[in-house]
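Per this note's numbering, residue 59 is the first one in the sequence shown, and the count goes up by one each step.
The beta carbon of each residue, even a glycine, is placed where N, CA and C say it ideally should be.
Just so we're clear, the structure is a prediction, and the values are computed from it rather than from any experiment.
What follows is a single structure, written as structure tokens, with notes after it.
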Amino acid sequence: MNASVYYMGVLGGHMAIILHSEFRNLTRADFHVQAEKFIGIAFDVQNQLGRYYSEAIYQEALRQRCEEVGLTPTLKEVRISLSHADFEAYFLVDILAAHGLIVELKAAESLCARNEAQALQYLMLSEVNHGLLLNMGGDQVEKRFLTTNLTLAERRRVNVSQQEWTELGGRSRLLRESVLELIDDWGSFLGVPLYRNALMHLLGGPEVVMRNVPVYDHGRCLGERSFFTLSDDVAVCFSALRANRAGLQGQLLRVLNHTPLRYFQWVNISGHEIEFRTVSQNRLSSGAAPRAGQARDKPRKTDL
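Next up, the structure:
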């Protein structure tokens, strides 16, 4: 791997995003020249090796073939590091060819939306506009061209909605402030698991925030489910929904109605829109089941 380190996302002297190789932002025309050359190599590799190998096998085969035809340097697993306070995470770009062609490589039956989201995340973090998603595991090589114009500065521009948020003590305030600080460091549009893992660390780690909560049905315990929590009766939900938020809120209310939890602090990070919302049990309809954990000798009609 290239020994040079390139820094992005400097906030108050803190290096929030670190690129461990040089990334060049190619023009659309130059990108397609490089991409078509790479795709041709990929077809040759699959025609000769077949489709039943791991990503690592195809990755090395493609690297060697690219080097042979002068598409250099071709690097594997190029690291992109992120940090915030004392939290650190990293991603590995499968292939970076000639510093400007980012390739996300798969060896699956077919590509899916999650694969696209992963590749777009690498483009945004490196501020490269164009990338290639490639699957070697199908009947023939499957390719998708990806494009984004979102820079770190653009991803930092967010609208914050918190009209339906209730500050349930210092832990809730810390959660909200930490979300906004993360967005200021890394920008929005990244995957929810990344933000969730960072916030879990900042709030004390899994041993502090993850709790096994009993689930009840008509007063009878069905078992336990692990939740990200701020206290005994406050849980946290993270999402990236652009639509159907009412559907998720309905599901959260069902959880509140069948566990000892009383509140969800819901954080929705969707593009430029950041919403903080408190979902509380008192929004349940009058016909909903009583508080979870209140054991009864027999169910009431309103429970059915």
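Next item on the list: For Arg229, I'd like the list of residues in its chain whose CB is within less than 6 Å of its CB, leaving aside the five on either flank, ordered along the chain.
Entry: Leu288
Item checked: Exposure of Val68, with buried meaning 16 or more beta-carbon neighbours within 10 Å -> Low local confidence applies: a pLDDT of 41 at Val68 is under 50, so the model's placement there is unreliable, and no value is given.
Check: Counting contacts by CB-CB distance shorter than 8 Å, is Glu113 in contact with chain C?
Finding: In the displayed structure, chain C is absent; only one protein chain is listed.
Next item on the list: Using three-state DSSP, classify Trp223 as helix, strand or coil.
Entry: coil
Note to self: On the criterion of 16 or more Cβ atoms from any shown chain inside 10 Å, does Tyr253 qualify as buried, or is it exposed?
What the structure shows: buried
Checklist line | Cα-Cα separation between His276 and Leu163, rounded to whole angstroms | finding: 49 Å
Next item on the list: Mind checking who Glu118 pairs with in its DSSP beta bridge?
Entry: DSSP lists no partner for Glu118.
Notebook entry, point to check: When you compare only the Cα positions, how much space is there between Tyr111 and Thr132?
Noted result: 20 Å
Check: Which residues does DSSP pair with Glu265 in a beta bridge?
Finding: Its beta-bridge partners do not exist; DSSP assigns none.
Check: How would you call Arg341, buried or exposed, if buried means at least 16 neighbouring beta carbons within 10 angstroms?
Finding: Note that Arg341 scores a pLDDT of 41, beneath 50, so its modelled location is shaky; the value from the coordinates is reported in the next line. Flag for Arg341 reads exposed.
Next item on the list: Could you tell me which of His188, Glu174, Phe296, Ser168 sits nearest to Gly196, measuring between CA atoms?
Entry: Ser168
Margin query: I need the straight-line Cα distance from Gln221 to Arg123, nearest angstrom please.
Written below: 56 Å
Next item on the list: In the DSSP assignment, find the unbroken beta strand (DSSP E) run with Arg366 in it and report its ends.
Entry: No answer is possible for residue 366: it lies beyond the span of the chain, which begins at 59 and ends at 362.
Next item on the list: Can you tell me which of the three DSSP states Arg320 falls into?
Entry: coil
Next item on the list: Check the C-beta distance from Thr74 over to Leu140 and give it rounded, since I have them as a contact under 8 Å.
Entry: Strictly speaking, residue 74 in this sequence is Ala, with Thr absent from that position. That belief holds up - the Cβ atoms of Ala74 and Leu140 are roughly 7 Å apart, short of 8 Å.
Check: What number of angstroms, rounded off, separates the C-alpha of Leu107 from the C-alpha of Val199?
Finding: 12 Å
Item checked: Any alpha helix (DSSP H) of 4 or more consecutive residues that is wholly inside the stretch 181-268 -> 210-214, 228-244, 250-260, 264-267
Item checked: Proximity of Asp291 and Pro264 at Cβ, strictly below 8 Å -> no
Next item on the list: Count the other CB atoms, across all protein chains shown, that sit within 10 Å of the CB of Arg354; report buried if there are 16 or more and exposed otherwise.
Entry: Because the pLDDT at Arg354 is just 33, under 50, the model does not fix this residue reliably, and the value given afterwards should be weighed accordingly. Classification for Arg354: exposed.
Next item on the list: Throw me the rounded Cβ distance for the Val218 and Ile327 pair, which I believe falls under 8 Å.
Entry: Wrong, their Cβ atoms sit about 11 Å apart, outside the cutoff.
Checklist line | Cα-Cα separation between Ile76 and Tyr274, rounded to whole angstroms | finding: 46 Å
Check: Going by the CB atoms, is the gap between Phe145 and His259 shorter than 8 Å?
Finding: yes
Item checked: Residues that DSSP places opposite Cys279 in a beta bridge -> Tyr274
Notebook entry, point to check: Taking the C-alpha atoms as reference points, what is the distance between Asn83 and His188?
Noted result: 8 Å
Item checked: Simplified DSSP assignment, three categories, for Arg341 -> Per-residue confidence for Arg341 stands at a pLDDT of 41, beneath the threshold of 50, marking its modelled position as unreliable; no derived number is given.
Checklist line | Three-state class that DSSP yields for Arg335 in the structure shown | finding: strand
Check: Can the beta-carbon of Cys295 be found less than 8 Å from the beta-carbon of Phe334?
Finding: no
Item checked: Endpoints, alpha helix (DSSP H) assigned at Leu314 -> 303-315
Note to self: With three or more beta-carbon pairs closer than 8 Å as the criterion, would you say the stretch 151-166 touches the stretch 89-106?
What the structure shows: yes
Margin query: Please state the DSSP three-state secondary structure of Ala156.
Written below: coil
Checklist line | Residues bridged to Cys295 (per DSSP) | finding: Trp324
Notebook entry, point to check: Where does Glu162 fall in DSSP's three states?
Noted result: strand
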